[in-house]
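Engineer: Taken in sequence, the protein lines are chains A and B. Take any residue in the first sequence, count from 1 to its spot, add 187: that is its number in our numbering. Take any residue in the second sequence, count from 1 to its spot, add 4: that is its number in our numbering. Let me begin by handing over the structure; questions about it come next.
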Amino acid sequence: DAGVIQSPRHEVTEMGQEVTLRCKPISGHNSLFWYRQTMMRGLELLIYFNNNVPIDDSGMPEDRFSAKMPNASFSTLKIQPSEPRDSAVYFCASSPMGTGGINQPQHFGDGTRLSIL
Amino acid sequence: KQEVTQIPAALSVPEGENLVLNCSFTDSAIYNLQWFRQDPGKGLTSLLLIQSSQREQTSGRLNASLDKSSGRSTLYIAASQPGDSATYLCAVEGDSNYQLIWGAGTKLIIKP
């Protein structure tokens with residue numbers, strides 16, 4: 188079975204450019220998570236979708252960040268304009284659990300390593 | 005506010021040894037505790053999930069225990085192998101039913 192697929196794997200761009208990260212969750216999973224991982228702050232949850240609806244975006248750092256999930260098989264995380272402090276590894280994860288559902292582990296993609304120069 | 009701590013931050017042991025990784029949390033009101041493994045340049049892989057009503061879970065050479073009253077979990081790895089080298093993270097799921105609170109991880113190196 189295909190796991191969570193993220194693209195691109197690596198992105199290097201200059202400050203001020205728009206960056207779009209993409210995620211395809213595991214088929215049948217109705218929960219999707221975007222995380223950011225840095226050495227200083229560890230793993231941070233940015234946004235959580237359930238059945239394509241954003242449930243919790245309290246972790247989104249500021250208005251420069253936005254995320255969409257137009258259908259059950261695709262999500263994007265966009266940064267516009269990008270800044271050097273956005274450099275991190277961004278992970279997408281999916282899970283079959285729903286709100287109030289039973290305990291199920293999250294399945295992670297391999298991440299996008301983002302470098303903003 | 006829930007806090008998750010993993011000690012030590014790094015551990016190096018010879019191949020073949022049995023070892024224990026530790027995870028502690030401050031709020032015992034959890035739905036589950038999860039152990040993940042992260043290899044360099046890769047995402048996280050779920051190893052074991054212990055529901056709040058359970059005391060332990062086993063998968064192959066891995067055994068995870070949970071003591072909610074003391075706010076502790078351990079991950080026991082038997083007969084360690086070089087392929088076990090990775091960073092191991094624990095995370096607890098609280099009353100939000102989706103929000104995981106993460107430890108900083110223990111970087112494990114198994115020396116051949």
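Here a beta-carbon is modelled for each residue, glycine too, at the ideal position from N, C-alpha and C. Because the structure is a prediction, the values reported are computed rather than measured.
1. Just to confirm, is the Cβ distance from B:Ser56 to B:Tyr35 under 8 Å?
2. According to a CB-to-CB cut-off of less than 7 Å, which residues of the stretch 29–45 of chain B neighbour chain A?
3. How long is the line joining the alpha carbons of B:Lys115 and B:Gly47, rounded to whole angstroms?
4. Output yes if chain A places a C-beta closer than 8 Å to the C-beta of B:Thr110; else output no.
5. For my contact list, A:Leu301 and A:Glu201 are in at a C-beta cut-off of 8 Å; report their separation, rounded to the angstrom.
6. Mind pulling the chain B residues with CB within less than 7 Å of A:Asp297?
7. In the stretch 24–90 of chain B, which residue ranges form an unbroken beta strand (DSSP E) of at least 3 residues, counting only runs that do not cross its ends?
8. How long is the line joining the alpha carbons of A:Asn290 and B:Asn26, rounded to whole angstroms?
9. Across which residues does DSSP place A:Asn237 in a beta bridge pair?
10. Three-state secondary structure (DSSP) at A:Ser271?
11. Quick test of the definition: if touching needs 3 or more C-beta pairs under 8 Å, does the stretch 241–255 of chain A touch the stretch 13–27 of chain B?
12. Rank B:Gln10, B:Phe40, B:Asp88 by C-alpha distance to the C-alpha of B:Ile113 and give the top, closest one.
13. Using a beta-carbon distance below 8 Å, is B:Gln6 in contact with chain A?
14. Count the other CB atoms within 10 Å of the CB of B:Gln71; is the residue buried (16 or more) or exposed (fewer)?
15. Between A:His216 and chain B, is there a C-beta pair that is closer than 8 Å?
16. What would DSSP say about B:Pro18, mapped onto helix, strand or coil?
17. Please identify the residue among B:Arg76, B:Glu60, B:Ala90 whose C-alpha is closest to the C-alpha of B:Ser133.
18. Just how far apart, CA to CA, sit B:Arg41 and A:Phe295?
Structural biologist: This is what the structure gives:
1. Going by C-beta atoms, B:Ser56 is nearer than 8 Å to B:Tyr35.
2. Tyr35, Asn36, Gln38
3. 23 Å
4. False, the Cβ-Cβ gap to chain A never drops below 8 Å.
5. Between A:Glu201 and A:Leu301 the Cβ distance is about 12 Å, and since that is not below 8 Å, they are no contact.
6. Lys46, Gly47
7. 36–42, 48–55, 60–63, 66–71, 76–81
8. 22 Å
9. A:Ser218, A:Val240
10. Rather than Ser, the amino acid found at residue 271 of chain A in this sequence is Pro. Three-state result, A:Pro271: helix.
11. The answer is no - the stretch 13–27 of chain B does not touch the stretch 241–255 of chain A, with fewer than three Cβ pairs under 8 Å.
12. Ranked by Cα distance from B:Ile113, the first of B:Gln10, B:Phe40, B:Asp88 is B:Asp88.
13. no
14. First, the amino acid is wrong: residue 71 of chain B is Asp here, not Gln. Exposed, by the Cβ-count rule.
15. no
16. Secondary structure at B:Pro18: strand, using DSSP grouped into helix, strand and coil.
17. No answer is possible for residue 133 of chain B: the residues shown for chain B start at 5 and end at 116.
18. 11 Å
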